[in-house]
Structure formats: C-alpha cells, structure tokens
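Take a look at the structure set out below.
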Amino acid sequence: MILSEPKASLEKDASTLYAYKKQLDASFVWGVSASAYQTEGAYNIDGKGPSIWDTFTNENKNKIKDRKNANIACDFYSRYEDDLKLMQSLGINHFRFSISWSRILPSGTGEINPAGIAFYDRLIDTCLRYGITPWVTLYHWDLPQALEKRGGWTNREVVNWFTGYVAICVKHFGDRVQHWMVMNEPMVFVGAGYFLGLHAPGRRGMKNFLPAIHHAVLSMCEGARAIKSIYPNATVGTTFSCSHIEPYRNIEKDHLAAYKVDALLNRMFIEPTLGMGYPIDTLKPLQNIHQYILPGDEYKMKYDFDFIGVQNYTREFVKHSWFTPYLNARLITAPNRKVPHTLMNWEVYPESIYHMIRKFDAYPGIKKILITENGAAFEDTHHESLISDHLRTTYLQDHIEQVLRARAEGSKVDGYFVWTWTDNFEWAEGYHPRFGLIYTDFKNQNRIVKESGLWYGSFIRE
C-alpha cells in the first residue's frame, strides 16, 4: 500500500463546509462503507456456500459489463488486517461492512460454518484492536443460492430463514458489535433482482416483484426484533436508497409521473415500517400486493428503528411516457440533459442529499438519520505514486456540506459514511466504475490512497 501527503490547496472554496463542521460535537460519526460480496473474494473456500451473485456472475457473464465476477474482488478475506491498518492510519474509526449469509450458513439454514464465524470474529476483533468501531449490515444482496432455489425473496419462508440467520450472527458477534443495519437498499435488490432482472437472481415481472417487496419489509422488521430480543441495548437500523425526484417539465403529466416515481423509489419500503402501509393510492400496480399480506402482518411490517440509513447519490428528472408500463414515467438521464455526471451517468447534484434528509426527517417516528452511503465513480489520474481524483474530492466536500447544512437547520442527521473504502466490484457494472477512497490494483491487490482518501482522513481528524 502507498500513502502520500494530501495537497494543501483545493480549487474550490470549502469555507462553508468547515464552518459547519466546527458546529459538530464529538458524537457525529465519520466512517466508510463496504460490502462482503464486492470485496471479500474467497467465494468458494473455507466452507462458504454459493450466493446468488456467485451464480449470477459465473453462469451469466453477459449480465456483467466487463464479463467479470467477484470471485477474488479485493481479496479482503485475506487482506483485511492491512486494510484496517490503512484505515487507522487515515484516522477513519468507523467501518460499515456486511456479513455474507452463505459464509455463515452455506445452505442458508441448518449447519453453521465454523470457518465463516471465525473469519468475522477475526475481522471484528481486528477492527476493535485498531480502534475502529464495526457497523454491521446483515444483508447486502447476497442471498444463499440454496435459498433462491426454494423461491428466494418470493417465498414467505424467507422471513424465517432470515431471522434465523440474524439470530446466529447476533449471538456470535453481539458482545462486540453495538451497531447493526438489517438490510441494504431493499428497493434496489428487489427492483433490480426480482423485477428488472438486471441483478441477481435475474428474475423479472410483477409476479416476483410484489411478493419480494412484502417479504423484504417483513424481514427488515422481524430481523430487527430478533436483534433486540438477544441484545436489547443494541443500536438497530436499516438503510434505504433514495433520489431527489423532479418533473422534467412544469406540466401536470410530468408532475404526476414524478410523484409516482418518488413513491416507488423513496417511499415503498420506509412507509410500511412506519405503520403507513404501502403507497398503493399512488402506485395502482401495487394493489395486488394485498394477496401476500396475511392477518397480523400490519404489526409485523412495522418497527421503531433506532436510526435509518439514507443512501443518496443523485437526483432524477422524470417525464411522462405512455410507453412505459405501470408508471407511465421515464427517467431523463444526466447525459441527455447535458449536465455534469459520474461514470454511472448519475448527475452531480449535491442538494439532492439535503432534500432527502429533510424528506425523511419529516416522517413522524424517525429518531435519527445516518448517511450510510454517499460517493461517486470518476476516472482517476495516475501520477507516479499519487492517484489524483479531484472530482471525487469536490463531490465529497459538496455533499458533506449539504449534510451538515441539513443538520444545522435542525435535521436529526448524526453521521456520514463514504461509499466506498476501496475500489471494488460494482455489481452489473463490473470493475470499471471506481468509487473507492483507496485505489485497488486488481492485478496484484496493491492499495494506493487517492487524494480523496487523504483529504477525507485529514478533514475528519481536524
């Protein structure tokens, strides 16, 4: 790994950002996020069973843009201690990572894999040894393949499978892990995996989408109850993806289209957990979800989380379209609007994160908000041992400023995690989009701290 000095000067004026930061107390959390499948590698060793992403990437290479997989990824399974040393050297002392369900339970249920338990024991203990607080996500999209063969998220039994897995993790690691996140972005793994077919397991259509929605909501809440039943003093949250939505034109049809897309992307999963039910009045195609709701579910699908994780990257403009089924709405991409955008074609619009914090904070019952993901993929420039990524540094500065602006105006936002720690496998996009504060050379697994990583470490230490 290579560590160099950050440049003293930055082109943009960050005085407002630093003024906001001076208002913070020591309780504000600064961290980085990562996930098991995207980083660990070691996909078939030490007793680990296959996940849906192992199957999806190895058997459907055409589904991934560079036709690659995460069989090795960042080799975090072997290199976690070096990564944590590097994290400590930058002054980053909060690390959000996920546990691989099929590393703990190769078949999804039944026999526990001792080597899987041992790995996460080592990881958690090493975090603590280096003064890094672990924040553990229990599900980050990598369902055991054995359970997908039994219906996966479309099978109501997944609620029991999931809570059983959660209980095992909490019993083994709860004496050292205070902070838990039940799920990562259910709208993404359900929508992309069970409706669009773009992500694992590659299913499509409403017949898969509707039951998967409901079973994910039940699992979020029942999983949280399982944690609290074992460690009542644990801090339990869950995370939601979100984008600020605007109509493309100031006409009634576009406003209605934007309202429906907002309900789908931003309200679908959080509102049931708050006791508000699904936004069926806005999304008529959701009406058939009632066939999956059993008596008593109205209580099971509600939970008073200690915090919610807000994960925001961009905003979306929506235009009415008769040709788009279900919503009659389509997104107008950033390249088509000719506005600054990342390698993911996401518009760079820092105010989006401010608007989403204010939106979620307005819900009754939200105790606290953490930004559990925010970051950007840009091309990095290599200068000998230095990785220059000024666009990412500026992106982080501008977005953190908006987070702290929301806090200064009274929103209950108490932390910020950058996505992501190291460059990794970016799902269906493969390895090309690099989000990391740390450059990963996938040929030899060398790590180089980018300018953005040096800036972030310096910023949070001040």
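Residue 746 in the numbering used here sits at position 238 of the sequence shown, with consecutive numbering throughout.
Cβ coordinates follow ideal geometry from the N, Cα and C atoms, glycine included.
Since the model is a prediction, treat every value here as computed from it, not as a measurement.
Cα-Cα separation between residue i and residue j, rounded to whole angstroms
i	j	result
V667	D521	49 Å
N568	S893	37 Å
H828	L791	15 Å
T889	G659	45 Å
L518	N577	Legend: pLDDT at L518 = 43, less than 50; position of this residue unreliable, value from coordinates given subsequently. C-alpha separation (whole angstroms): 36 Å.
E959	D897	6 Å
I879	A870	16 Å
F967	E887	23 Å
K761	F868	25 Å
V972	W649	What the structure shows of the chain is the stretch from 509 to 970, and residue 972 is not part of that stretch, so it cannot be assessed.
R587	S543	15 Å
N954	C582	9 Å
T832	L839	10 Å
R637	K951	30 Å
A771	I788	9 Å
G624	M595	23 Å
V674	M809	17 Å
L962	V926	13 Å
Y551	H680	22 Å
E656	L706	16 Å
N971	Y528	Limits of the chain in this structure are 509 at one end and 970 at the other, which puts residue 971 out of reach.
M852	L773	18 Å
L899	P941	14 Å
According to DSSP, residues forming a beta bridge with residue i
i	result
W688	V644 and V744
S541	R604 and W927
R712	L704
E754	F825
P652	S559
H849	E855
S468	Because residue 468 is not part of the residues shown, which for the chain are 509 to 970, the question remains open.
Three-state class that DSSP yields for residue i in the structure shown
i	result
F603	strand
V921	strand
V667	helix
H911	Rather than His, the amino acid found at residue 911 in this sequence is Val. The answer is helix: DSSP assigns V911 an H, G or I state.
L772	helix
S860	helix
E855	strand
N954	strand
S615	coil
E610	The sequence given here places Ser at residue 610; Glu does not occur at that position. In the structure shown, S610 sits in a helix (DSSP, three-state: H, G or I).
S535	coil
H723	helix
N455	Outside the shown range of the chain (509 to 970) lies residue 455, about which nothing can therefore be said.
R733	helix
E812	Rather than Glu, the amino acid found at residue 812 in this sequence is Asp. In the structure shown, D812 sits in coil (DSSP, three-state: anything other than H, G, I, E or B).
E937	helix
V678	helix
Proximity of residue i and residue j at Cβ, strictly below 8 Å
i	j	result
S615	P652	yes
T565	I572	yes
K556	S606	no
V685	P642	yes
F748	Q819	yes
A842	W854	yes
I908	D931	no
D922	S597	no
Y857	T822	yes
M728	T671	no
Y702	T746	no
M776	M695	yes
G731	D812	no
Y862	A884	no
D574	F584	no
I560	P709	yes
Y690	L726	It is worth fixing the name first, because residue 690 is Val in this sequence and not Tyr. No, the pair does not count as a contact, with Cβ atoms beyond the cut-off.
W669	I735	no
Residue span of the alpha helix (DSSP H) that contains residue i, given as start and end
i	result
F825	It is not in any alpha helix (DSSP H) - F825 instead sits in the beta strand (DSSP E) that spans F815 to H828.
Y964	E959 to R969
L636	P622 to R637
T584	Correcting the residue identity first, residue 584 is Phe in this sequence and not Thr. Segment F584 to L598, the alpha helix (DSSP H) holding F584.
T524	S523 to K530
Y807	D805 to K808
Range of the contiguous beta strand (DSSP E) that encloses residue i
i	result
D895	For clarity, residue 895 is Ile in the given sequence; the question names Asp instead. Its beta strand (DSSP E) spans residues L894 to S896.
T889	T889 to H891
I879	I877 to E881
D949	I946 to D949
E837	Note that residue 837 is Ala in the sequence shown here, rather than Glu. A837 -> beta strand (DSSP E) spans A837 to I840.
Near the ligand HEM: residue i beta-carbon under 7 Å from a heavy atom
i	result
H907	This structure does not include the ligand HEM; it has no bound ligands of any sort.
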